[in-house]
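Numbering (mature numbering (1 follows the signal peptide of the UniProt record, and there is no 0)), first residue to last: -25 to -1, 1 to 714.
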């Protein structure tokens, strides 16, 4: 049905061909003017010219500078000197490109030349410009002069000298781009601001003189239509029509039609021209194409312009410090059966990192947290490669060459790093390794990605700006308690430090990911007590004699700016009057507390999961104690621990057997358990710290000479686990560390 709707709209637009403008040979299509301060009021001004290769040789150009408004006289004129040779565009596949500026018949190419002049600009309100009388007529604007402009306000304010560098446009952004008829396209207008000024982007008109915008053409009206659609049940397509009007900066191109609703009636609506201020992009779907356009005509070509206004706060006053304007040419073409590559979409894969991603029609945003490691994957695909049979188109991903080192990108690891693999294959992949330091909080980073397929004659292209925001990390340190934070005088409790952060860190020097390590430091508030002699371990046992607040400072040991990514938390432990500790009696392998309720049994100072009854049946050798939670009129608290009682388990390892567990600790959760001397069936059971079963396997017929069984804990979180190796007559236990 979608193809039928597009066909209806295609016929509708085909009737409007006679109203499209026709121009003579194209020449200068657009340009931009930027500047850099050299000190002592000197500025190097750069002019980039975009032109149709079929035009005449460019130049010469001169730079005009006037202090004041458009009516002010020009006071400085300097020749613009061409830098190097022209750089030709590359929109076509290699098979049809006869030379740097020669595409297939009927398809124009473009080139870019750069011109430079150095001028002295004393404090003032400057308009810098260059112009030529060779701008051709295009589909949306009339023929006229090419006028390119930038402004600079370097007046001193309150004794403060003002020096400015204009925003510098990203050379990766293509100023003349072929876009596929009826397919979504995005154009980027990225720029780098060296002075930290605020930039405001706005859609603008191309200029033909100072203060004089280019004259926009008129587009015709579209009549209402009502058409039946094929299929069963019957369905009607309706379009209310669209009045004619004049192209504008916010509606610079004829757009495509979308459909809404469901049968029996579906309606046509015009697609929007989306301007994304945050990403600095425009996204649109061309809805008009004239296949009969001749070489050199302006048909199917549209001119866009983006104005960048630069604000700076000087002595408490916010003022415009300069403006630059960039133009871009859109050439609509029929890409036939080729579909442009899919928009890049990031996926956050690291748990506990706080990293989030947003993917919409025109937005790709990644929010990362300072002092956290996170891994974000990019998957570059093409719809033509996903169909059956696959087109097997090779994709080329282009990104800034200095993405990993430039301060405005990933800043040599201060924000993170990026790795691209498989470029030039059918499915390139990229990975961001983020670990922003606390000094990068508040940064917004914009990285342009361009993905091209190898279709002929015109390569399908997709542009996307990934916007990365560095946000301050939430609190990450916490304290876990075995018991409620209320103790009877003389009792003790264990405080366990915890970190809600990823367990890894990226080593930028050798591009490896390693386990993060943390430094723990315990202290008390003024007047508090009960700390052990060693206070820099993750877990401590405290026995306060007065109510005490315990403070924990946690710092990552690896990566980040040392000392700036720590977090502090605390817990208040109240102390009530003492109660008697439990008295434990023993009957064989059964231990019984003198308290009927509220018990918690411990083995080797570690709480036994689920052991909260009055009695405990011992199956594992160890030193056993018990504490009881006692309620009284003055409050509730935990008793001191009972006297320790060492118990040997009734079940021992089988004679003549040995057990090996490697690697331990295990970095990936995979263990090799080697059994030697076992002849009976062996069960392998893994329990977590709470006594819950997380893995189980069986060796039905072990080889006494040695049998090896893999235990897989890759799906388990980092921590401590117990491996039980059990036969009908024996039991062995091993402690496992999952990193």
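Backbone N, C-alpha and C define an ideal beta-carbon position, used for all residues, glycine too.
Separation of the CB atoms of residue 462 and residue 613 is rounded to 5 Å, and the pair is thereby assigned contact status at 8 Å.
Here residue 398 carries a coil assignment [DSSP, helix/strand/coil].
Contact between the region 143 to 156 and the region 309 to 316 is present: 3 or more CB-CB pairs across the two stretches fall below 8 Å. Within the region 617 to 665, the runs of beta strand (DSSP E) that reach at least 3 residues and sit entirely inside it are, in chain order, 620 to 622, 633 to 637, 645 to 651, 657 to 662. About 7 Å separates the Cβ atoms of residue 416 and residue 446, confirming a contact at the 8 Å cut-off. In this structure, the alpha-carbon of residue 529 lies about 16 Å from that of residue 479.
Here residue 385 carries a coil assignment [DSSP, helix/strand/coil]. Runs of beta strand (DSSP E) with 3 or more residues, each lying fully within the region 213 to 275, are found at 232 to 235, 240 to 245, 249 to 251, 256 to 259, listed in chain order.
With fewer than 16 neighbouring CB atoms inside 10 Å of its own CB, residue 494 falls in the exposed class. Sequence-distant partners of residue 542 (beyond 5 residues in either direction) whose C-beta falls short of 6 Å from its own C-beta, in its chain, are 450, 451, 452, 529.
An exposed status is given to residue 695, since fewer than 16 other beta-carbon atoms sit within 10 Å of its beta-carbon.
For the pair residue 125 and residue 10, the CB atoms are nearer than the 8 Å cut-off. Residue 286 is classed as exposed because its beta carbon has fewer than 16 other beta carbons within 10 Å across all chains shown.
Taking a 10 Å sphere around the C-beta of residue 509, we find fewer than 16 other C-beta atoms and assign the residue as exposed. For residue 54, the beta-bridge partners assigned by DSSP are 37. In this model, residue 123 and residue 26 are separated by some 13 Å (Cα to Cα).
Runs of beta strand (DSSP E) with 3 or more residues, each lying fully within the region 482 to 529, are found at 487 to 490, 493 to 499, 514 to 517, listed in chain order. In summary, residue 41 is buried, with 16 or more beta-carbon neighbours lying within 10 Å of its beta-carbon over all protein chains present. Burial check for residue 679: the Cβ neighbour count within 10 Å stays below 16, so the residue is exposed.
In the three-state scheme derived from DSSP, where H, G and I count as helix and E and B as strand, residue 456 is classed as strand.
Counting other Cβ atoms within 10 Å of its Cβ, residue 66 reaches 16 or more and is therefore classed as buried. Annotated three-state conformation of residue 71 is helix, per DSSP. Note: residue 155 is bridge-paired with 308 in the DSSP secondary-structure output. A residue is called buried when at least 16 other Cβ atoms come within 10 angstroms of its Cβ; residue 86 meets this threshold and is buried.
Judged by DSSP secondary structure, residue 542 falls within the beta strand (DSSP E) whose first and last residues are 542 to 551. Residue 115 is positioned such that its CB atom lies closer than 8 Å to that of residue 192.
Judged by beta-carbon spacing, residue 228 lies within the 8 Å limit of residue 248, meaning their Cβ atoms are closer than that value. In this structure, residue 605 sits away from residue 644, with a CB-CB distance that is not shorter than 8 Å.
Look at the beta carbons and you see the region 403 to 412 touching the region 351 to 364: at least three pairs across the two are nearer than 8 Å. Per DSSP, the beta bridge partners of residue 11 are 19. Note on geometry: alpha-carbon atoms of residue 682 and residue 707 lie some 16 Å from one another. For residue 705, the three-state secondary structure derived from DSSP is coil. Considered as a whole, the region 318 to 362 harbours 321 to 323, 331 to 334, 339 to 344, 349 to 354 as its complete beta strand (DSSP E) runs of no fewer than 3 residues, in chain order. DSSP links residue 420 through a beta bridge to 443.
In this structure, the beta-carbon distance from residue 12 to residue 131 does not fall below 8 Å. Rounded to whole angstroms, residue 370 and residue 436 show a C-alpha spacing of 10 Å.
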